[in-house]
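J.: To start, I am sharing the structure in question, which I have written as structure tokens.
Numbering (this note's numbering), first residue to last: 40 to 513.
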């Protein structure tokens with residue numbers, strides 16, 4: 040069968056169908072839609088203009104005037120300025136509004152309206168109305184919603200604590216690494232000076248004819264190697280200080296104070312750490328409380344809700360549709376019982392879902408405890424290992440120091456080659472560097488253990504202080 044369309048019909052079909060676009064064979068089709076808002080294009084400049092608003096610039100040029108920065112003060116500066124903590128605090132303030140929303144169910148609900156229309160019975164008229172509904176008893180529906188909102192606030196409080204702990208740990212790690220490279224840079228400078236002294240001594244001996252000309256050449260090569268090591272360590276120090284600047288929110292041109300060994304001695308590296316104060320555990324417990332409240336609300340839906348309803352309307356013009364009296368008014372007071380007797384199994388499904396959510400939340404508490412305990416025990420073993428290596432390296436440094444002094448005297452007497460002396464110098468400074476590196480490795484794992492056990496706020500002195508407007512309590 041053939042279908043013949045007239046010219047007018049064809050024109051109407053084309054106009055109603057919209058634009059016709061040629062499509063190359065093999066090309067993917069463009070997403071269908073009535074409007075194209077540019078969702079298939081990436082234009083950062085246009086996006087920046089579109090979402091531009093009152094955005095604070097990131098300023099890292101403020102000077103921190105401390106000549107010497109200690110660990111606790113650095114952490115205090117970071118947590119007082121870091122925007123990620125401000126973000127979680129703002130979200131916490133937002134979540135508290137959910138409690139007010141849920142509590143509103145306890146108060147009267149007042150509705151007012153104004154309408155007009157035409158009816159075959161009353162004709163044309165305008166009516167104003169007001170109604171008040173007060174919940175009297177609902178078997179725990181509103182209280183369950185309030186408990187669920189409170190659990191959401193508790194979870195967000197745990198999120199704030201976690202972010203404070205995270206920034207504290209990151210800042211402590213940055214301070215430790217900055218101090219590490221600060222010390223290593225000084226060691227590298229001392230190594231350059233020491234090898235330069237060997238070079239000078241070898242040049243004098245070669246000029247006096249008591250040693251070969253190869254001795255200064257070998258010594259000069261070691262000087263250049265030591266200078267290269269110094270440049271590398273200086274670059275690592277600069278990198279560490281820049282990372283610290285990011286966390287502090289300002290430029291620090293002073294020195295890092297010695298790490299507080301007395302505080303480290305007070306940390307008990309417990310093989311079975313207490314995980315009750317870990318923010319992840321607190322958040323999981325809050326999820327469990329929320330699931331319990333969700334289950335209570337679901338069960339309460341099985342029962343009726345008792346409300347007191349008061350309403351009144353008044354005709355502004357025409358006949359009142361409730362009383363059929365011109366310009367009349369109508370009022371009613373009713374005790375209302377509403378009951379969701381059957382919803383096709385929806386209530387049973389909601390209760391089952393709430394039961395499953397509660398089981399899931401309980402499992403998350405266990406997972407949070409396991410993860411926290413695993414992290415703490417891992418950091419503990421690494422810290423203990425670093426402490427053990429420190430003792431070995433300290434003894435190694437003492438023995439190499441004796442060999443270094445002996446080789447220097449023997450070289451002066453001509454009974455020891457310059458290569459042995461240069462190797463002794465290199466081994467000595469390597470031992471000193473290894474000792475400092477292990478000491479700082481211990482500190483990195485110590486602050487990791489403190490963070491994993493939720494004891495960071497106490498360790499850094501943040502308890503009973505105010506962090507960005509929030510009171511931090513033990």
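For glycine and all other residues, C-beta sits at the position ideal for the given N, C-alpha and C.
1. Residue 426 and residue 332 - do their beta-carbons sit closer together than 9 Å?
2. Among 387, 437, 228, 168, which residue has its Cα nearest to the Cα of residue 337?
3. What residue does the beta strand (DSSP E) around residue 352 start on, and which one ends it?
4. For residue 308, which three-state DSSP category applies?
5. Once DSSP output is grouped into helix, strand and coil, what is the label at residue 195?
6. Return the chain-ordered list of same chain residues with a C-beta closer than 7 Å to the C-beta of residue 507, the five sequence neighbours on each side being excluded.
7. Quick check on the DSSP output: what are the complete alpha helix (DSSP H) runs of length 4 or more inside the stretch 445-482, in order along the chain?
8. Cutting at 8 Å between CB atoms, please list the residues of its own chain near residue 505, excluding the five before and the five after it.
9. Where does residue 148 sit, in a helix, a strand or coil, going by DSSP?
10. Given a cut-off of 9 Å, decide if residue 493 and residue 430 are closer than it, judged by their beta-carbon atoms.
11. Smallest Cα separation from residue 496: which of 112, 103, 423?
12. Express the C-alpha separation of residue 366 and residue 163 in angstroms, rounding to a whole number.
13. Can you tell which of 152, 109, 110, 220 has the C-alpha that lies nearest to the C-alpha of residue 354?
14. How long is the line joining the alpha carbons of residue 498 and residue 206, rounded to whole angstroms?
15. Please determine if the stretch 197-217 and the stretch 170-178 are in contact, where contact requires at least 3 C-beta pairs separated by less than 8 Å.
16. Using the C-alpha atoms, what's the distance from residue 210 back to residue 286?
17. Within the same chain, show all residues whose beta-carbon is closer than 7 Å to that of residue 474, passing over the 5 residues directly before and after it, in chain order.
18. What is the rounded straight-line gap between the Cα of residue 319 and the Cα of residue 197?
19. Under the rule that 16 or more other beta-carbon atoms within 10 Å means buried, what is residue 310, buried or exposed?
20. Given residue 341, which residues of its chain have a CB within under 7 Å of its CB, disregarding the five upstream and five downstream residues?
21. Start and end of the beta strand (DSSP E) containing residue 370?
22. Give me, in chain order, the residues of the same chain whose beta-carbon lies closer than 7 Å to that of residue 485; leave out the 5 immediate sequence neighbours on both sides.
23. Rounded to the nearest angstrom, what separates residue 195 and residue 227 at their Cα positions?
24. Ordered along the chain, which non-local residues of its own chain (more than five positions away) have a Cβ less than 6 Å from that of residue 400?
25. For residue 349 versus residue 377, is the C-beta distance shorter than 9 Å?
26. Is residue 165 helix, strand or coil when you go by DSSP?
27. Is it a yes or a no for the stretch 450-462 touching the stretch 226-246, going by three-plus beta-carbon pairs under 8 Å?
28. Determine, using beta carbons only, whether residue 179 and residue 137 come nearer to each other than 9 Å.
29. Does the contact criterion of 3 or more C-beta pairs under 8 Å hold for the stretch 219-235 versus the stretch 261-273?
30. Could you tell me the distance, in whole angstroms, from the CA atom of residue 357 to the CA atom of residue 186?
31. With 16 as the cutoff for other CB atoms within 10 Å, does residue 276 come out buried or exposed?
32. If distances are taken between C-alpha atoms only, which option among 261, 396, 140 comes closest to residue 184?
33. So is residue 295 buried or exposed if we call it buried at 16+ other beta carbons inside 10 Å?
34. Hey, could you find the ends of the alpha helix (DSSP H) residue 262 is sitting in?
35. Given residue 471, which residues of its chain have a CB within under 7 Å of its CB, disregarding the five upstream and five downstream residues?
36. Nearest by alpha-carbon distance to residue 250: which of 453, 168, 389 is it?
T.: On the basis of the supplied data:
1. The residue given as residue 332 occupies position 293 in the chain shown. The residue given as residue 426 occupies position 387 in the chain shown. It is not a contact, given that the beta carbons lie outside the stated cut-off.
2. Indexing the chain shown from 1 puts residue 337 at position 298. With distances taken between Cα atoms, residue 337 lies closest to 387.
3. Along the chain shown, one-based indexing puts residue 352 at 313. Element bounds for residue 352: 344-356.
4. For the purposes of this step, residue 308 is taken as the residue at position 269 of the chain shown. In this structure, DSSP gives residue 308 a state outside helix and strand, which the three-state scheme calls coil.
5. For the purposes of this step, residue 195 is taken as the residue at position 156 of the chain shown. Residue 195 falls in the helix class under three-state DSSP.
6. Numbered from its first residue, the chain shown carries residue 507 at position 468. Here the set comprises 119, 124, 125, 128.
7. none
8. Here residue 505 corresponds to residue number 466 of the chain shown, with the count starting at 1. Apart from the 5 residues on each side of it in sequence, residue 505 sits with its Cβ closer than 8 Å to the Cβ of 511 in its chain, given in chain order.
9. Position 109 of the chain shown, counted from the first residue, corresponds to residue 148. Looking at residue 148 - three-state DSSP - the assignment turns out to be strand.
10. Within the chain shown, numbered from 1, the residue matching residue 430 stands at position 391. Within the chain shown, numbered from 1, the residue matching residue 493 stands at position 454. No, the Cβ-Cβ distance between residue 430 and residue 493 is not below 9 Å.
11. Working through the chain shown from its first residue, we reach residue 496 at position 457. Looking at the Cα atoms, 112 is the closest of the given residues.
12. Sequence index remark: in the chain shown, residue 163 carries index 124 (1-based). Sequence index remark: in the chain shown, residue 366 carries index 327 (1-based). Whole-angstrom Cα-Cα distance: 12 Å.
13. Taking the chain shown and counting its residues from 1, one reaches residue 354 at position 315. Cα-wise, what sits closest to residue 354 is 152.
14. In the chain shown, the residue the question calls residue 498 occupies position 459. In the chain shown, the residue the question calls residue 206 occupies position 167. Computed Cα separation, rounded: 14 Å.
15. no
16. Mapped onto the chain shown, residue 286 falls at position 247. Mapped onto the chain shown, residue 210 falls at position 171. Cα to Cα, the separation comes out at about 6 Å.
17. For this step, residue 474 is matched to residue 435 along the chain shown. Once the five neighbours on either side are set aside, the close Cβ partners of residue 474 are 429, 432, 433, 436.
18. For the purposes of this step, residue 319 is taken as residue 280 along the chain shown, with counting starting at 1. For the purposes of this step, residue 197 is taken as residue 158 along the chain shown, with counting starting at 1. Between residue 319 and residue 197, the C-alpha separation is close to 7 Å.
19. Counting from one through the chain shown, the residue named residue 310 turns up at place 271. So residue 310 counts as exposed.
20. Along the chain shown, one-based indexing puts residue 341 at 302. 386, listed in sequence order.
21. For this step, residue 370 is matched to residue 331 along the chain shown. It spans 368-377 - the beta strand (DSSP E) in which residue 370 sits, taken as one unbroken run.
22. Taking the first residue of the chain shown as position 1, residue 485 is located at position 446. Only 303, 306, 422 meet the Cβ criterion.
23. By 1-based counting over the chain shown, the position of residue 195 is 156. By 1-based counting over the chain shown, the position of residue 227 is 188. Spanning the two alpha carbons is a distance of roughly 47 Å.
24. Against the chain shown, residue 400 aligns to sequence position 361. Correct list, in chain order: 326, 327, 330.
25. On the chain shown, residue 349 is found 310 positions in, with the first residue counted as 1. On the chain shown, residue 377 is found 338 positions in, with the first residue counted as 1. No, they are not a contact pair.
26. Counting from 1 along the chain shown, the entry for residue 165 is found at position 126. DSSP places residue 165 in strand when its eight states are reduced to three.
27. Taking a cut-off of 8 Å on C-beta distances, the stretch 450-462 touches the stretch 226-246, as three or more cross pairs fall below it.
28. Within the chain shown, residue 179 is the residue found at index 140, counting from 1. Within the chain shown, residue 137 is the residue found at index 98, counting from 1. Taking 9 Å as the Cβ cut-off, residue 179 and residue 137 do not qualify as a contacting pair.
29. yes
30. Translated into the one-based positions of the chain shown, residue 357 becomes position 318. Translated into the one-based positions of the chain shown, residue 186 becomes position 147. Those two C-alpha atoms are separated by around 49 Å.
31. As a first step, residue 276 is located in the chain shown; it is residue number 237 there, counting from the start. Buried is the call here.
32. As a first step, residue 184 is located in the chain shown; it is residue number 145 there, counting from the start. Nearest of 261, 396, 140 to residue 184, Cα basis: 140.
33. Residue 295 sits at position 256 when you count from the first residue of the chain shown. With 16 or more other Cβ atoms within 10 Å, it is buried.
34. Taking the chain shown and counting its residues from 1, one reaches residue 262 at position 223. Residues 253-287.
35. Residue numbering aside, residue 471 sits at position 432 when the chain shown is read from its first letter. So the list reads 226, 436, once near-sequence residues are dropped.
36. Along the chain shown, read from residue 1 onward, the residue named residue 250 stands at position 211. Of 453, 168, 389, the residue nearest in Cα terms is 453.
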